[in-house]
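Numbering (UniProt numbering), first residue to last: 1 to 110.
Yeah, the Cβ is synthetic: ideal placement off N, Cα and C, and Gly gets one too.
Please read all numbers here as calculations on a predicted model, not as lab measurements.
Take a look at the structure set out below.
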């Protein structure tokens, strides 16, 4: 019997990160550390002005919550905020596509 290992399969992903699509520099830290409830809150301090700005934005949106002196990510509020931003962008995308189509028709010579 040999001990062969397959190397063509992808590396397993963290079970905590599966199922959550988070963006930015702050939210992935909380998801990977499992800080998604008040009991799992972690100590966090932004390390740069850019992170401080992203952290403040999460606070304003209601996705970042405090439990004692620690912080946790309210994933339900985070996803609701992300969905609201997506819905707000749709009219602008449709309008842009229509303008591009009109510009293309204006310069078309057939």
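In this structure, the alpha-carbon of residue 39 lies about 19 Å from that of residue 58. Taking a C-beta distance under 8 Å as the contact criterion, residue 71 and residue 100 do not qualify as a contact pair. When 52, 93, 95, 74 are compared, the shortest CA-CA separation from residue 37 is found for 74.
Excluding five sequence positions before and after residue 30, the CB atoms of its chain that fall closer than 6 Å to its own CB belong to 73, given in chain order. Residue 54 sits close to residue 26, with the two beta carbons spaced by under 8 Å. Residue 65 carries a strand assignment under DSSP once its states are collapsed to helix, strand and coil.
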